[in-house]
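One structure is given below, encoded as structure tokens.
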Ligand code: ADE
Ligand code: ZN
């Protein structure tokens with residue numbers, strides 16, 4: 019099965035490019051930019067990646083990305099991941115990125131966008147890897163800041179496929195960002211949101227009702243509400259489930275306890291993603307192999323999950339036909 023999964027052309031809908039920053043590249047960029055890291059060695063950094071919850075991870079995630087300063091850094095970050103993913107059989111990635119996390123550090127939006135867009139164009143031209151762009155907003159920051167950043171991004175709206183909502187979920191309900199998502203809809207941008215990762219099932223319903231999202235990132239806690247499950251099933255809303263992320267952040271204790279089989283039994287439109295591969299023990303292939311080992315899934319099931327992702331991927335119909 020591992021060999022089949024390696025060869026399967028895989029599509030990933032939920033990947034934070036800043037969460038793909040491997041310690042090796044973090045050290046290189048720290049040196050290049052004269053930045054002191056809180057870790058003495060690469061292995062010390064890796065050893066620190068033990069989390070109790072989402073906030074514990076976010077603290078190190080925001081710390082790690084401090085090495086990203088120049089356009090070249092963002093290009094290197096993205097290209098490093100694209101090459102690794104392609105070598106594991108990934109053919110399409112919908113990539114979240116967090117502009118506010120860089121603006122806060124005085125890294126301008128044009129630096130972030132120029133680096134990421136150059137990597138995307140190069141991947142599409144030379145790696146046979148298509149890339150969707152999801153500008154994500156930090157839900158633990160003020161809503162008016164998010165709106166300002168979306169307006170500031172006007173020169174880049176044409177390059178965006180969607181906006182997303184991420185960072186600390188608890189006590190930051192979707193309704194806080196009603197105006198942001200309404201504006202994105204007005205601009206013709208698709209909307210997606212993290213919901214039901216650490217937050218309650220209600221947040222999933224609220225993201226659908228108030229933010230009019232097309233996808234739910236994670237969504238695993240939907241099982242706490244039969245109404246929410248019914249709604250997700252009826253509308254066949256895609257869930258971008260990230261198994262190894264959920265284990266690392268203790269959403270579940272171990273992969274064997276993961277609700278993935280239950281989500282499938284409920285008839286939901288499930289997909290598999292890696293979320294933050296540098297922090298959670300591996301990329302899309304590793305997530306697939308771990309599911310094969312934990313749940314004994316057959317090739318047909320993996321093909322169904324991957325087809326779900328292809329149907330939903332932010333790409334044009336020509337590329338979708340190639341992927342199907
Ligand atoms: N930002 C990066 N990874 C995240 C996750 N798993 N949940 C919320 N925000 C994130
Ligand atoms: Zn995520």
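Residue numbers (the working numbering): 19 to 342.
Ideal Cβ placement from N, Cα and C applies to all residues, glycine included.
Checklist entry - Would the beta-carbon of residue 185 be found less than 7 Å away from any heavy atom of the ligand ADE? => result yes
Item to check | Inter-residue Cα distance where the pair is residue 86 and residue 135 | outcome: 15 Å
Next on the checklist: Looking at the strands, I want to know which residues DSSP matches up with residue 288.
Outcome noted: 257
Item to check | Inter-residue Cα distance where the pair is residue 79 and residue 62 | outcome: 15 Å
Item to check | Reference residue 38, options 20, 96, 185, 333, closest by Cα | outcome: 96
Item to check | Per-residue DSSP class, three states only, for residue 245 | outcome: helix
Next on the checklist: Beta-carbon within less than 8 Å of residue 147's beta-carbon, same chain only, minus the 5 sequence neighbours each way: which residues are those?
Outcome noted: 100, 103, 104, 108, 109, 110, 111, 141
Next on the checklist: Out of 308, 175, 220, 126, which one is the CA nearest neighbour of residue 203?
Outcome noted: 175
Item to check | Any non-hydrogen atom of the ligand ADE closer than 7 Å to residue 93 Cβ | outcome: no
Next on the checklist: Along the chain, where does the alpha helix (DSSP H) containing residue 228 start, and where does it finish?
Outcome noted: 219-228
Checklist entry - Should residue 327 be labelled buried (16 or more other beta-carbon atoms within 10 Å of its own) or exposed? => result buried
Checklist entry - Using a Cβ-Cβ cut-off of 8 Å (strictly less than) and excluding sequence neighbours within five positions of residue 197, which residues of its own chain qualify? => result 161, 165
Checklist entry - Given a threshold of 16 other Cβ atoms within 10 Å of its Cβ, counted over all protein chains shown, does residue 173 qualify as buried or as exposed? => result exposed
Item to check | In DSSP terms, what residue 215 is bridged to | outcome: According to DSSP, which records beta bridges pairwise, residue 215 is partnered with nothing at all.
Next on the checklist: Considering only the alpha carbon of each residue, which of 230, 216, 178, 264 lies closest to residue 199?
Outcome noted: 230
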